[in-house]
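Asks: Residue numbers (this note's numbering): 170 to 540.
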DNA sequence: AAGACGGGGCG
DNA sequence: CGCCCAGTCTT
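#1: Name the DSSP bridge partner or partners of residue 419?
#2: Leaving out five residues before and five after residue 318 in sequence, what residues of the same chain have Cβ atoms less than 6 Å from its Cβ?
#3: Please state the DSSP three-state secondary structure of residue 524.
#4: Consult DSSP for residue 471 and reduce its assignment to one of helix, strand or coil.
#5: Using the C-alpha atoms, what's the distance from residue 265 back to residue 469?
#6: Find the nearest neighbour of residue 485 within the set 350, 437 and 503, judged by alpha-carbon distance.
#7: I'd like to confirm the pairing. Which residues does DSSP put opposite residue 483 in its beta bridges?
#8: Please state the DSSP three-state secondary structure of residue 305.
#9: Beta-carbon within less than 8 Å of residue 184's beta-carbon, same chain only, minus the 5 sequence neighbours each way: which residues are those?
#10: Among 467, 202, 442 and 489, which one has its Cα closest to the Cα of residue 482?
#11: With distances taken from CA atoms, which of 237, 216 and 416 is nearest residue 258?
#12: Check residue 240 in the structure and name its three-state DSSP category.
#13: Using C-beta distances below 8 Å, list every residue in its chain close to residue 504, excluding the 5 sequence neighbours before and after it, in chain order.
#14: For the alpha helix (DSSP H) containing residue 254, list its first residue and its last residue.
#15: Which residue's Cα is closest to the Cα of residue 518: 500, 441, 491 and 407?
#16: Going by CA-CA distance only, name the one from 523, 202 and 252 that's closest to residue 410.
#17: Spell out the partners DSSP gives residue 207 in its beta bridges.
#18: Look up residue 401 in the DSSP assignment and say whether it is helix, strand or coil.
#19: Going straight from the alpha carbon of residue 211 to that of residue 492, what length do you get?
#20: Could you check which residue in 342, 253, 508 and 402 has the C-alpha nearest to that of residue 527?
#21: With distance defined between alpha-carbon atoms, name the residue in 322, 348 and 489 nearest to residue 303.
#22: Going along the chain, which unbroken runs of the alpha helix (DSSP H) with 4 or more residues stay wholly within the stretch 323 to 381?
#23: Based on DSSP bridge pairs, tell me the residues matched to residue 433.
#24: Let's test the definition: count the other Cβ atoms within 10 Å of the Cβ of residue 374 and tell me whether it reaches 16, buried, or not, exposed.
Structure representation (structure tokens):
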């Protein structure tokens, strides 16, 4: 037992020693504010550091305290999240801020049970906040830790399986240092992000290479092992561009519980089997808004990849033939000028379309209304 | 246990 | 074009 402890201590010392020499200067490393740590951890879920940094800075300018966030409109929060993806993170975090203000007197809780009761805070985020902001001994297991420890211990099991992740969690629990658990966690993740990378790991610079099974046996290209992923389907989406007499475009709000919930879009939908794209637009606008439209010109098409399917989006200029646009379910609609449209949060594909409209039409939609 | 859920960067 | 990323929630 004595030996085991010494081995773990050496692991931890080598790791944290390397960390103090090589850690990046990141915005959320200059604070002890649990609120700011929390924001950073939510943003960092499935998202790279370089992507997060500007969003983090801007978000905290908009919402300096948890009270500012709790009091904000969801649209304002989502606008700050626009382009970051996984928008349920923003909706859940907004809800959690309200919960903290209401139930916990504005203080982010420091117990595992209470903090995981917050929307969007799972095992990883709870452990990250508790260790980094509150110096509590909870080991994080994220994609980096999985890769580093799978290689170090030579774990060849499928990392998709819950059993493998549990096994790695147990290793992390045993290795984590008493003194500075937050630094230990960040060090392991930092190592995974900058040295023990998925491809071409820099084993020559690694403080753990001495004891690493994968490095010793030249198996870093096969560990961690991940079972093959399924092929994702490809859909065709057809949307309508409708301009009113005030030179404004018709946009619709997506329901909160749907994909991209709380963001805006040009009305339209998925092409069905044996259906022409123009027919798709007509059908969707009839179903969603209760209007009959005439289609007179294709504006553009673009490809976009989501996590579980791909789309080609086709945009058509339309004219309302009969009916007044009215949202069918709880969804809202609005008319937005090309200037004002930037104040609404849009998902990437729609935003790309808007940017193309902006450059090609130079803010003037008149001729498409009249042709 | 498996699927839903974005977007960007890299080979 | 496919894989991966400081994961969580739902079914």
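Just so it is clear, CB atoms sit at the ideal spot from N, CA and C, and this is done for glycine as well. Source: prediction; values computed, not measured.
Replies: Looking at the atomic coordinates:
#1: Answer is 504, bridged to residue 419.
#2: 337 and 340
#3: helix
#4: Strand.
#5: 40 Å
#6: 437
#7: 407 and 470
#8: coil
#9: 353, 356, 357, 360, 376 and 377
#10: 467
#11: 216
#12: helix
#13: 413, 415, 417, 418, 419 and 420
#14: Per DSSP, residue 254 belongs to no alpha helix (DSSP H) and is neither H nor E.
#15: 407
#16: Of the listed residues, the one whose Cα sits closest to residue 410 is 523.
#17: According to DSSP, residue 207 bridges with nothing at all.
#18: coil
#19: Distance between the alpha carbons of residue 211 and residue 492 is about 43 Å.
#20: With distances taken between Cα atoms, residue 527 lies closest to 508.
#21: Taking only the C-alpha atoms, the option nearest residue 303 is 348.
#22: 331 to 344 and 350 to 363
#23: 422
#24: exposed
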